[in-house]
Amino acid sequence: MEQAPPDPEKQLKPATLEPLGRPDPGLEAVAGEEAERAREEGSEADTMTDNNFGLKKIEISVSEAEKRTGRNAMNMQETYTAYLIETRSVEHADGQSVLTDSLWRRYSEFELLRNYLLVYYPHIVVPPLPEKRAEFVWHKLSADNMDPDFVERRRIGLENFLLRVASHPILCRDKIFYLFLTQEGNWKETVNETGFQLKADSRLKALNATFRVKNPDKRFTELKHYSDELQSVISHLLRVRARVADRLYGVYKVHGNYGRVFSEWSAIEKEMGDGLQSAGHHMDVYASSIDDILEDEEHYADQLKEYLFYAEALRAVCRKHELMQYDLEMAAQDLASKKQQCEELATGTVRTFSLKGMTTKLFGQETPEQREARIKVLEEQINEGEQQLKSKNLEGREFVKNAWTDIERFKEQKNRDLKEALISYAVMQISMCKKGIQVWTNAKECFSKM
Amino acid sequence: MAGGPPKALQSTGPYSLRDMPHPLAGSSSEEAVGGDSTPSPDLLMARSFGDKDLILPNGGTPAGTSSPASSSSLLNRLQLDDDIDGETRDLFVTVDDPKKHVCTMETYITYRITTKSTRAEFDLPEYSVRRRYQDFDWLRSKLEESQPTHLIPPLPEKFVVKGVVDRFSEEFVETRRKALDKFLKRITDHPVLSFNEHFNVFLTAKDLNAYKKQGMALLTRVGESVKHVTGGYKLRSRPLEFAAIGEYLDTFALKLGTIDRIAQRIIKEEIEYLVELREYGPVYSTWSALEGELAEPLEGVSACIGNCSTALEELTDDMTEDFLPVLREYILYSDSMKSVLKKRDQVQAEYEAKLEAVALRKEDRPKVPADVEKCQDRMECFNADLKADMERWQNNKRQDFRQLLMGLADKNIQYYEKCLMAWESIIPLLQEKQETK
């Protein structure tokens, strides 16, 4: 696995720990699956990732969430949730782990970490964070960030994020990430000192490049389209799924009314009474079963959401490529024009219009010394330009190569994860059907005794 | 009826009349159920209407095997019911074969009524006539008129809001046919009503309209006299049992109304759920078109959701066609029963008033005048008929609701089984390792 491409423009390189050997591709797969399991098991199980922090195996978990109040930057009271991150190192062969670090972080710190990673690893599809605000909610679900269910799902999402980073062959080695897990105080200052905010490409620059680039790598163009369409289709899916959940909730809950009326009716009946009464009870069971069913389905929605946000990360890599390519094209164009200017000055022919040429015509020619001086300046610039173009070219190719490697890795991960998600969704549906059959069979039994 | 699943839902096999044991032969029929089925002494007064008059411990037969919850094949409808407890049936009536008639003035539907009988009242062993709803309505009015002391089964609703319901749609016609079939079967099973002259004519006459125009109806002795009972008499005290029946019917109708509303609400929610599902499934298809390795799994999920949608649609259709109409029928039934109870009250009130008048006259003659005797007679007949019919009604109601609710449960079970099958079948597809990327 290659490191991040060297970038002469960056003043401070993130200090990476010396890799002690290449990570085994097999471990990657294991970590991916475990990340999956982590999401399902929640806080109970600590999840293991093979992480080469100096050949130590570590386990990361976001085990608790706590409501806190404090003062914000404007010295106003605010309420926020803090999450406990526990890191364990697995010392012995039998898998026993020792708690090495434990600290509290809030969502904004996670965001800071991710923004840092985005700037310093533009060729990597950086794992996304769980959503900041609850979206795609169906009516029973709260859109409140303080709602315990939301907080719980977010805790799981944050843990998943950390596991994804920790299991990424390149990202796991980042020092800032390491410090995020181990250094509670001062971490924010450390990150800001890297000056990464200044390195970030401006949105405007990126947009401009997207429109004006002439020859981007076709694969990236296709990937860009794919990620746009993926975002659109998953958004649509999540929206409709939320409506489906809403309706299904209604269907189940109305059946609860049967429970009440059967009970009332049974009071005036002789032989029919018992059967009606007990059937009514089953209707109540049926009505209340939907809560758990839909809660489980939220996990599926979260898995889809992760890939919705991943699409954005894919997009970011494509944008970076376009930016670099545009930069390259501009530099080449600039160089070509300078070369031409130089040639014209040297041969004395004016093929291209230039203001200098016009003024020369109007106000008289310049002296040969002046011209020599200008040619010299241009030749220096051309030299410099050629150097720059060379390194930009190299950079560009490195980027494309590294990015594409990570994209391939991402594709495999995506296919695996989404397949698993679909399977677990099907399993959920099967369980729901079986429950339905059970309840109605019980009710039928009661009716038969009427 | 013994405990356990009702045998009414299954066919007993095509027994012919000859194979059925004679009611008086062999061992006694199955035990009576509960305390309210023992026949009262009044009822065993033979009124020379044939052996159909014998009240069975069960109080009668369930309302035919063609209740909406079971499959309505012709065979089922003509088969003997287990619950008859061995009685020999001698009258079979079926409603089927709806046909649309287009005339200049109007368009309407007729139904074929097939009658098979060995009774003396029928000249031929078999009849086949065509009747329309109007004719059923006429029959019912005539029965109410001529047998005012009995509970007449309800007809499906007469008026339908045009534009909302298509009177000629297959579903509507089928629902109505089932209800009309039920109506005739209930009359057929009634020991008194089934011998009514109007009923006979309805089943047999080639030209019913001519008969209708005659206007001459032969009322029974009791019917005639009850017809002339005027209102305006105040009831002293209602006998406990009839008061109880009245209260029961009130609550019963109330509860049924609630169940009807709940069922309608459920159908509405299910339809809205269906609408969303129909949008949900295809999104997976759209997604599938973007993907490589995931294309098949996503397409599979889309198809699966499509299958579940279809199953849900079948469920809501069944609920609308089979469940709701029967509920409504019973609400109508209790309404008409309430009016019969009122009439009974009036008959009693008249008798009491007349009795009081006699007592006030303070005559020496101990003899009770003839007309007061007539009143008493009338009242006692009415009470007896009504009690018998109530018992019969209670048992039929129990069978009907057992069947209806089991049918409801069945439909839901079938729905979930269809969905289960769909989802289970795509698991292997989802788990498949794909060679191509």
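As you go down the protein sequences, you meet chains A and B in turn. Residue numbers for the first sequence, in this note's numbering: 1 to 450. Residue numbers for the second sequence, in this note's numbering: 1 to 437. Note that CB positions come from ideal geometry on N, CA and C, so glycine has one too.
Using a Cβ distance threshold of 8 Å, Val233(A) and Trp393(B) do not count as a contacting pair. The beta-carbon of Ala209(A) is placed no less than 8 Å from the nearest beta-carbon of chain B.
Among the residues facing chain A, Phe252(B) is included, as its CB has a counterpart in that chain under 8 Å away. DSSP places Phe242(B) in the uninterrupted alpha helix (DSSP H) bounded by 240-288. For the 8 Å CB-CB criterion, Val283(B) and Leu237(A) form a contact. In the structure shown, Arg236(B) adopts coil according to DSSP, grouped into three states. Just so you know, the alpha carbons of Ala349(B) and Arg132(B) end up roughly 39 Å apart. When the five nearest sequence neighbours on each side are left out, the beta carbons in the same chain lying within less than 8 Å of the beta carbon of Lys338(A) are those of Leu378, Gln381, Ile382, Gly385, in order along the chain.
Collapsing the DSSP output to three states places Tyr107(A) in a helix. Counted as a single uninterrupted DSSP element, the alpha helix (DSSP H) harbouring Thr316(B) occupies residues 295-318.
In terms of CA proximity to Asn402(A), Cys318(A) leads the group Thr182(A), Cys318(A), His255(A). Between Asp260(B) and Leu324(B) a beta carbon distance of about 7 Å is seen, short of the 8 Å cut, so the two are scored as contacting. Within the region 392-414 of chain B, the residues whose Cβ lies closer than 7 Å to some Cβ of chain A are Arg398, Phe401, Arg402, Leu405, Met406, Ala409, Asp410, Asn412, Ile413, listed in chain order. The secondary-structure analysis by DSSP pairs Gln77(A) across a beta bridge with Arg71(A). At least one CB atom of chain A sits nearer than 8 Å to the CB of Glu293(B). Proximity of Arg378(B) to chain A, defined by a Cβ-Cβ separation below 8 Å, is not satisfied. Listed in chain order, the non-local C-beta contacts of Val93(B) below 6 Å within the same chain comprise Thr115, Leu184, Thr188, local neighbours out to five positions each way being set aside. At least one CB of chain B lies nearer than 8 Å to the CB of Val244(A). For Thr104(B), the three-state secondary structure derived from DSSP is coil.
With contacts defined as CB atoms closer than 8 Å, Met272(A) and Phe199(B) fail to qualify as a contacting pair.
The beta carbon of Gly436(A) sits closer than 8 Å to some beta carbon of chain B. Within the same chain, Ile426, Leu429 come within 6 Å of Gly300(B) by CB-CB distance, once the 5 residues on both sides are set aside. For Lys178(B), the nearest beta carbon of chain A is not closer than 8 Å to its own beta carbon. DSSP places Leu155(B) outside both helix and strand once states are collapsed to three, so it counts as coil. The closest CA to that of Lys205(A), considering only Val98(A), Glu59(A), Met324(A), is found on Met324(A).
Here DSSP, grouped into helix, strand and coil, assigns Thr367(A) to coil.
Going by beta carbons, Glu279(B) and Val240(A) fall inside the 8 Å limit. Scanning its chain for C-beta atoms nearer than 8 Å, with the 5 sequence neighbours on each side dropped, one finds around Ser227(A) the residues Ala311, Glu312, Leu314, Arg315, Cys318, in chain order. A distance of 8 Å or more separates the beta carbons of Val129(B) and Leu193(B). When 8 Å is used as the limit between beta carbons, Thr221(A) is near no residue of chain B, the shortest such separation being about 15 Å. Under the three-state reduction of DSSP, Arg132(B) is assigned to strand.
The CB of Tyr307(A) never comes closer than 7 Å to any CB in chain B; the least such distance is about 11 Å. Cys433(A) sits buried, since 16 or more C-beta atoms from the chains shown fall within 10 Å of its C-beta. Here Leu84(A) is near Ser102(A), since their CB atoms are less than 8 Å apart. No residue range can be given for Arg89(B), since it is assigned to no alpha helix (DSSP H) and is classified by DSSP as neither H nor E.
Close to Glu329(B), with beta-carbon spacing below 7 Å, lies no residue of chain A; the smallest spacing is near 17 Å.
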